[in-house]
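K.L.:
In my numbering, the protein residues as written are 35 to 365.
C-beta atoms are modelled at their ideal positions from N, C-alpha and C, and glycine is treated no differently.
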Ligand SMILES: NC(=O)c1ccc[n+]([C@@H]2O[C@H](COP(=O)([O-])OP(=O)(O)OC[C@H]3O[C@@H](n4cnc5c(N)ncnc54)[C@H](OP(=O)(O)O)[C@@H]3O)[C@@H](O)[C@H]2O)c1
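1) With hydrogens ignored, establish whether the beta-carbon of residue 293 is closer than 8 Å to any heavy atom of ligand 1.
2) Over the uninterrupted beta strand (DSSP E) stretch that includes residue 253, give me the two end residues.
3) Considering only C-alpha positions, which residue in the set 240, 93, 199, 288 is nearest to residue 326?
4) Please name the residue, chosen from 113, 274, 269, that lies closest to residue 259 on a Cα-to-Cα basis.
5) Leaving aside the five residues before and after residue 120 along the sequence, list all residues of the same chain whose C-beta is less than 8 Å from its C-beta, in chain order.
6) What's the gap between the Cα of residue 166 and the Cα of residue 80?
7) Answer with buried or exposed for residue 59, where buried requires no fewer than 16 other C-beta atoms within 10 angstroms of its C-beta.
8) Could you name the residues of the same chain whose beta carbon sits closer than 8 Å to that of residue 52, not counting the 5 residues immediately before and after it, in chain order?
9) Mind reading off the beta-carbon distance from residue 86 to residue 97? Whole number of angstroms is fine, and I expect it under 8 Å.
10) Grouping DSSP H, G and I as helix and E and B as strand, with all else coil, what is residue 196?
11) Expressed to the nearest angstrom, what Euclidean distance is found between the alpha-carbon atoms of residue 197 and residue 63?
12) Please identify the residue among 286, 232, 233, 297 whose C-alpha is closest to the C-alpha of residue 263.
13) Measuring alpha carbon to alpha carbon, tell me which residue in 243, 242, 280, 235 is nearest residue 255.
14) So the candidates are 135, 106, 310; which of them puts its Cα closest to the Cα of residue 126?
15) Using alpha carbons as the reference points, say which of 48, 77, 100, 82 lies closest to residue 309.
16) For residue 172, which residues of its own chain have a beta-carbon under 8 Å away from its beta-carbon, when the five flanking residues on both sides are left out?
17) What is the DSSP secondary structure of residue 260, reduced to helix, strand or coil?
18) Per DSSP, what kind of secondary structure is residue 209 in: helix, strand or coil?
19) Quick check: the Cα distance between residue 175 and residue 248, rounded to an integer number of angstroms?
20) Comparing alpha-carbon positions, which option in 222, 221, 207 lies nearest residue 228?
21) Assign residue 337 to one of three DSSP states: helix, strand, or coil.
22) Kindly examine ligand 1 and report whether one of its heavy atoms sits closer than 8 Å to the Cβ of residue 210.
23) Among the candidates 324, 223, 76, whose CA atom is the shortest distance from the CA of residue 339?
24) Whole angstroms are fine: how far does the CA of residue 45 sit from the CA of residue 250?
25) At a cut-off of 8 Å, would you count residue 190 as near ligand 1, judging by its Cβ distance to the nearest heavy atom?
26) With DSSP collapsed to three states, give me the class of residue 47.
27) Should residue 356 be counted as a contact of ligand 1 given a C-beta to heavy atom distance under 8 Å?
28) How would you label residue 366, buried or exposed, when you count the other beta carbons within 10 angstroms and need 16 or more for buried?
29) With a Cβ-Cβ cutoff of 9 Å, do residue 358 and residue 215 count as a contact?
30) Determine which residues share a DSSP beta bridge with residue 288 and list them.
31) Are the CB atoms of residue 38 and residue 180 within a distance shorter than 9 Å?
32) By Cβ distance below 6 Å, which residues in the same chain neighbour residue 337 in space, the five residues on each side in sequence not counted?
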């Protein structure tokens, strides 16, 4: 059979564009002994993929030029010669950016689609939800009654994080770009919201929205948000450094904020993390998520683009702020 996949054509300098990607057609042979053939149905695009396009190893290897890119995906087994998988099983893998693939079963995880739609495993019930959970539970150790600032609140991690923080009994101030996104954050339960595109003094706006300083900051954005957070955090505040998307497309190094000494003066705790280092929390996450879902505390939103050929545009759309909730590609 034929399958189409997206290859990286060159490591971008600065902002990537459509020219950095190409659609390629490949032949897939029938599965051999111990192999399965999987048809992907949903692909995830994520900001961290920009780091894998830099050509340098960060915490993961870079994508290879001229080869299919990788990413989270869920799909259906359409042929199986592996006793662990049957035709019709739904599986999650890192074999994204392609329509179909052969696998020996390693790295495939069966998912239960009877309770949740399959693509939910690419967001709320997958690494996205887990990221928000790890940041709040382990990095920040959020307590009932505390005030949290959730940045990129209308995005995948942010929208999960707002709801988790509310379920943990915190007060949440969210920031997002544009009125529609801010309204979405309020719908998710945020107590107050700031449109960072409409203020020229972000720290002041967040402080006013919070009714004072904040106890904790969930960093998804970096840059101007990071500077503002150092200003608006209360003494002994905690920062979970999850991502810094504002800087991912910078072609050259940017100056450090001039208020870094606040980390000392306010005794702030700044803790970066990679979600995959904290999989020991998966059981707790699943237990808490299930009970919050059963209590009706969790809603999800997806921004969906159609067809393998739209995957680069879906990815680039993350940097244009096009997504409400999780950005996905449906095949
Ligand atoms: N540490 C980990 O293990 C881990 C795991 C997953 C994700 N992350 C990080 O978590 C963050 C959120 O990831 P996600 O998957 O949930 O993505 P996302 O928030 O769903 O999508 C990206 C959002 O970031 C905002 N954004 C894009 N460019 C921006 C810029 N130049 N300045 C300010 N905001 C910008 C946009 O929202 P607005 O329209 O509101 O600006 C956009 O919708 C990212 O930084 C990602 O790298 C880290």
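P.N.:
So, from the listed chains and residues:
1) No; taking the cut-off as 8 Å, the Cβ of residue 293 has no heavy atom of ligand 1 nearer than that.
2) 248-253
3) Among 240, 93, 199, 288, the Cα nearest to that of residue 326 is on 199.
4) 274
5) 111, 114
6) Taking the straight line from one Cα to the other gives about 14 Å.
7) exposed
8) 346, 347, 350
9) 5 Å
10) helix
11) 45 Å
12) 297
13) 280
14) 106
15) Here the closest residue by C-alpha is 82.
16) 307, 312, 315
17) Helix, per DSSP.
18) strand
19) 14 Å
20) 207
21) Here residue 337 carries a strand assignment [DSSP, helix/strand/coil].
22) yes
23) 76
24) 36 Å
25) It does: the Cβ of residue 190 is within 8 Å (strictly closer) of some heavy atom of ligand 1.
26) coil
27) yes
28) Here the chain covers residues 35 to 365 and nothing more, so residue 366 does not appear.
29) yes
30) In the DSSP output, where bridge partners are listed per residue, residue 288 has none listed.
31) Going by beta carbons, residue 180 and residue 38 fall outside the 9 Å limit.
32) Excluding sequence neighbours, residue 337 sits near 357, 358, 361.
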